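In our numbering, the protein residues as written are 88 to 371.
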């Protein structure tokens with residue numbers, strides 16, 4: 088409707104009169120939608136030049152409590168392959184509202200919209216890789232900047248992705264969430280053969296083993312996968328998250344399924360509070 092009534096977009100047409108849209112068209116539409124969400128009239132927004140439109144959207148980013156402008160800024164930077172802008176938007180948000188809130192309120196919605204653009208063919212692999220690898224760097228740097236935690240005095244976690252599983256961003260965020268709350272983490276990363284967990288658990292003796300299951304294992308193999316985990320780490324509890332687990336099937340003993348990242352945060356927060364109360368009681 089915007090295109091026909093206000094001339095927001097002016098797509099090229101093929102020889103058979105089919106409209107085609109390029110990255111700049113998509114960026115303009117995102118910017119127009121952002122300004123309209125903030126109360127601007129479409130008739131006014133449609134008359135803005137590209138430069139004026141970008142300046143107006145950039146001005147929206149000054150309010151740290153309204154996150155759509157930051158999300159849009161990340162999307163446009165990704166489509167422009169503008170790594171400095173991507174980095175700046177995330178760093179500025181982290182400075183204003185904290186790294187954890189930046190991840191929850193800006194980065195996660197951004198990743199969802201990246202996924203939609205990928206599915207619709209509006210984003211190419213290089214653009215998606217730029218965004219995901221920059222976020223990976225940010226997550227690693229944020230965790231590395233935290234003070235060290237002594238394993239003997241803290242709840243111990245093993246974090247891993249099973250063999251064939253490469254979607255690491257959620258696991259890296261869980262690593263940060265645990266470390267910032269003074270839990271000790273043994274981070275084993277991507278593509279770990281599950282059989283290796285036996286030796287790890289025997290040596291490190293984790294209280295919890297956690298993983299994100301995005302594509303592995305196949306759903307019909309999930310019961311066998313959980314049984315193998317249980318036998319390899321008989322003294323640990325398991326905290327699992329990811330699309331493979333989104334079902335109503337009952338989990339075995341010692342297994343917890345996190346439906347959302349907020350569930351994981353709430354669980355870790357409760358553990359942290361319980362530990363704090365126990366330490367204070369001992370001190371008294």
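Glycine included, each C-beta is placed from N, C-alpha and C at the ideal position.
In this text, all values refer to a predicted model and were calculated from it rather than measured experimentally.
Continuous alpha helix (DSSP H) stretch holding residue i: start and end
{"i": "residue 289", "result": "284-291"}
{"i": "residue 215", "result": "212-231"}
{"i": "residue 189", "result": "186-189"}
Where residue i sits in the DSSP three-state scheme
{"i": "residue 168", "result": "coil"}
{"i": "residue 248", "result": "strand"}
{"i": "residue 91", "result": "The pLDDT assigned to residue 91 is 48, lower than 50, so where the model puts this residue is not dependable; a value taken from the coordinates is nonetheless given after this. Residue 91 falls in the helix class under three-state DSSP."}
{"i": "residue 347", "result": "coil"}
{"i": "residue 201", "result": "helix"}
Enclosing beta strand (DSSP E) for residue i [first to last residue]
{"i": "residue 132", "result": "No beta strand (DSSP E) contains residue 132, which is instead part of the alpha helix (DSSP H) from 129-132."}
Buried/exposed call for residue i, threshold 16 Cβ in 10 Å
{"i": "residue 220", "result": "exposed"}
{"i": "residue 239", "result": "exposed"}
{"i": "residue 156", "result": "buried"}
{"i": "residue 176", "result": "buried"}
{"i": "residue 106", "result": "Confidence in residue 106 is poor, its pLDDT being 49 and thus under 50, which makes the residue's placement too unreliable to answer from."}
{"i": "residue 165", "result": "buried"}
{"i": "residue 361", "result": "exposed"}
Beta-carbon separation (whole angstroms), residue i vs residue j, contact threshold 8 Å
{"i": "residue 320", "j": "residue 290", "result": "Actually they are not in contact, since the Cβ atoms of residue 320 and residue 290 sit about 11 Å apart, beyond 8 Å."}
{"i": "residue 329", "j": "residue 301", "result": "5 Å"}
{"i": "residue 154", "j": "residue 127", "result": "17 Å between Cβ atoms; not a contact."}
{"i": "residue 217", "j": "residue 244", "result": "Rounded, the Cβ-Cβ distance is 30 Å, inconsistent with contact."}
{"i": "residue 345", "j": "residue 327", "result": "7 Å"}
{"i": "residue 317", "j": "residue 339", "result": "6 Å"}
{"i": "residue 278", "j": "residue 313", "result": "With a Cβ gap of about 19 Å, residue 278 and residue 313 do not count as contacting."}
{"i": "residue 378", "j": "residue 263", "result": "Nothing about residue 378 can be read from this structure; the chain reaches only from 88 to 371."}
{"i": "residue 248", "j": "residue 223", "result": "No, residue 248 and residue 223 are not in contact; Cβ-Cβ is about 13 Å, not under 8 Å."}
Could you pull out every unbroken beta strand (DSSP E) segment of at least 3 residues lying fully inside the region 268-343, listed in chain order?
271-279, 295-299 and 324-328
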